[in-house]
Each structure stands twice: as C-alpha cells, then as structure tokens.
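Residue 89 in the UniProt record's numbering sits at position 89 of the sequence shown, and the numbers go up by one each step. Note that beta-carbon positions come from the ideal geometry of N, C-alpha and C, so glycine has one too. Written out below as structure tokens is the structure these notes cover.
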Amino acid sequence: TTVDSISVTTVSDDQEIQLLPNSLCLLVSKTNPTENSDWNKSTTKLKPLNCGKKVNSTQYDHLRGISERHQHTHIPEPDVAMVFQTNHKSSEVDMNDLEQKLRKANRDLERDSTGQKQQSAQVYNLIGNFWRIKGNTQTSIECFRKALSISPEDPEILLNLARVLFNLQYLDDAIFLARRSLHLQPSGQNAWLQHYTLGEILKSYGHPQEAAMHFNQALLLNPGFQPARSHLRDLDTDSHPSVTHLTLFIILFLVVGVLFGIVTSIESNFQDTSLSDSSKVQQRHFNRAMAMRSIKLGINPRMCRIRKTNS
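Okay, here's the thing in structure tokens:
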C-alpha cells in the first residue's frame, strides 16, 4: 500500500464521507468526532471494528499461512501507519480518529443499497491495515480475505496480505502473493512497493542476487526510497565474507593437497631406498653363500669366472 492510496481532506461540516471507485478518499468534517458528545455516546459500547461476517472461502485459502490463520500470534506493524498519513510532515496517526472514520465508512457501505463491490473491498482493505497497526493479525487476515472474495485480483490487497504472511515467516506464501500482486499491477501504476517487498522476502529466504535485482528495480522506480538502498548495502556487505571464506577454503584445500603430495613423495622415496638397501644386503648374502659352497666343493671361484667368460 502506498501513501497515495488514501487521502484525507477537510471539508465543510455538512459533507458526508464519500467513496470513490479507484482511489478511496475520505472526506472528513472539520468537527473532530471525539469532541461530539452525541458521537461519544453512540460509540461507547460499540463492538470492535471488523469487516462483518467472515467469508467461507477464497481462492487463496490453500496457502498454509491463510489456512492456519487461527494459530497466528499477534504482530503489531506500526510502519503501516504511513498508509493513513495525511501529510508528510507528521509521522503520527490518531488511531482513535482513524477508527471512527473507518466505522463511518463501513456504516455507509452497509446502508448503500447499490452495493458497489469495489468500494467495499477497499474499505475492508483499509480496516485490515488498521488491525495490522494494532497487531491483531487474525482480524487483519479475515478483512483481507473478505476484500479478496470481492476483488480477488486487486494487487494492493494481495500485497498487504503478502506483508502479513512475510512477518509471520510464511515465506513461500508471501512470495506467491507478492509476485501475483506484481503481475496484476496495471502497467500505468508504479510497482516499486511490489519490487521492494519481493526483495525483502527473497533476502530473508536466502536468495541475495534475486533480492538485489528487486531492490534495484524499486530504486529505479522510486529513487529516493532509502530502505531499499540500506538493504543493498547489507547485501553487498554480506557478499564479501562469503567470497573471503570461499577463497580461504580454496587456499586451504590447495595447501593440504601440496602437503599430501610432499608426504606421499617422501614415503615413496623412503620405500625405494629401503628396497634398494634390502636387495644389496640380499646380494651380499648370496655371494657369501656361493663362495662358501665353492670352497667346500673344492671349486676355485676364479676359475669359474674364467670359464663363464670363455663360454
């Protein structure tokens, strides 16, 4: 989700919240709802903000992270508040005020007899992001499921759900949803956030080269986005130790090979020397035995040699 996906505009007191088909624009009264006593009386006993009745199934329920949604722990995502920021000077979002606006938008949908599905999907998507900030993972997933049951190929909703599953470390599911979001993103719209999200997931998955490709693409589409640069620096830093370790391993392997060759050569020379010495000793023993035998038989060894020479 991007900051531009929602804008909050201050208008006159008698204007109502209006939902636009392509971009959700909340037109809010100048009067702060928290200062309205009638509003306070009507909201003191309200149920927690939700997306109404849960849907039975969606085409994404086969993903393990979704099928196991009731087992998930709650993980607050305060950075999601950037979606609801009305200006770039302040990083704070009044969650109470935001909840009241979302309740109002939700009630307007329930009263709308035309039942414009795209508007409903966008409201459920925003409520899902609201619960991501608060840390209610299960409720946020249910809202995204309901939004996807209405608009199953909405790239923004798919990306939000991918972020939730990424934080829960369902990496395969997160990659699937983020890639599908990128695939479905209209050609005229900037897809830097899809590339950045894929970069984060792939980096966590242990695919640094593919992650770096997506981070570079995110910077190409959004040059001022510093988190992508930070991730690229981390990947560059991590790549040097791996190269050093590989180099050291190769050097060590070569040294061991050379030492093994030297030791083998020494052993071979030692064995050859031992065999040579042993053959000489055996030859001396043989000559002595022949001489003793010749003496016993009265044979002159010199005459034997002369005979051998003449023959």
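{"Query": "Could you tell me the distance, in whole angstroms, from the CA atom of Gly52 to the CA atom of Arg179?", "Result": "29 Å"}
{"Query": "So, does the stretch 144-158 touch the stretch 181-189, judging by three or more C-beta pairs under 8 Å?", "Result": "yes"}
{"Query": "Less than 7 Å between the beta carbons of Asp173 and Leu102, yes or no?", "Result": "no"}
{"Query": "Would DSSP call Ala191 helix, strand or coil?", "Result": "coil"}
{"Query": "Going by beta-carbon coordinates alone, are Ala191 and Lys203 separated by less than 7 Å?", "Result": "no"}
{"Query": "Over what stretch of residues does the alpha helix (DSSP H) that includes Phe225 continue unbroken?", "Result": "Neither: Phe225 is in no alpha helix (DSSP H) and is coded neither H nor E."}
{"Query": "To the nearest angstrom, how far is it from the Cα of Leu151 to the Cα of Leu232?", "Result": "Correcting the residue type first, residue 151 is Ser in the shown sequence and not Leu. For Ser151 and Leu232, the distance between alpha carbons rounds to 34 Å."}
{"Query": "Measuring CB to CB, does Leu235 end up less than 7 Å from His214?", "Result": "no"}
{"Query": "For Arg163, count neighbouring Cβ atoms within 10 angstroms of its own Cβ and tell me buried if that reaches 16, exposed if not.", "Result": "buried"}
{"Query": "On a Cα-Cα basis, can you pick out the residue from Lys54, Ile66 and Ile75 that is closest to Tyr124?", "Result": "Lys54"}
{"Query": "If I measure Cβ to Cβ from Leu171 and keep anything under 7 Å in the same chain, skipping five residues before and after, which residues do I get?", "Result": "Ile201, Ser204 and Tyr205"}
{"Query": "Indicate whether Asn129 and Val83 have their beta-carbon atoms separated by less than 7 Å.", "Result": "yes"}
{"Query": "Going by DSSP in three states, Asp108 sits in which element: helix, strand or coil?", "Result": "helix"}
{"Query": "Just checking my contact of Asn50 with Thr137 at CB under 8 Å: how many whole Å lie between their CB atoms?", "Result": "About 14 Å separates the two Cβ atoms, so there is no contact after all."}
{"Query": "Please report the distance separating the alpha-carbon of Tyr196 from that of Leu221.", "Result": "10 Å"}
{"Query": "Can you have a look at Lys146 and say buried or exposed, based on whether 16 or more other CB atoms are within 10 angstroms of its CB?", "Result": "buried"}
{"Query": "For Pro78, does the three-state DSSP call read helix, strand or coil?", "Result": "helix"}
{"Query": "Give me the Cβ distance between Arg132 and Glu77, rounded to the nearest whole Å; I'm assuming they're in contact under 8 Å.", "Result": "4 Å"}
{"Query": "Which of the three DSSP states is assigned to Asp154 in this structure?", "Result": "coil"}
{"Query": "Helix or strand or just coil, what does DSSP make of Asn56?", "Result": "coil"}
{"Query": "Nearest CA to the CA of Leu46: which residue from His72, Asn96 and Gln209?", "Result": "Asn96"}
{"Query": "Inspect the beta-carbon positions of Phe144 and Asn160 and report whether they are closer than 7 Å.", "Result": "yes"}
{"Query": "Do you know offhand how far residue 312's Cα is from Val256's?", "Result": "The requested residue 312 is not part of the displayed model; the chain covers only 1 to 311."}
{"Query": "Please classify Asn106: is it buried, with 16 or more other beta-carbons within 10 angstroms of its beta-carbon, or exposed?", "Result": "buried"}
{"Query": "Run through DSSP, which three-state label would Gln116 get?", "Result": "coil"}
{"Query": "Which two residues bound the contiguous alpha helix (DSSP H) that contains Phe215?", "Result": "Pro208 to Leu221"}
{"Query": "Short check: CB of Leu165 to CB of Gly65, under 7 Å?", "Result": "yes"}
{"Query": "Look up Cys51 in the DSSP assignment and say whether it is helix, strand or coil.", "Result": "coil"}
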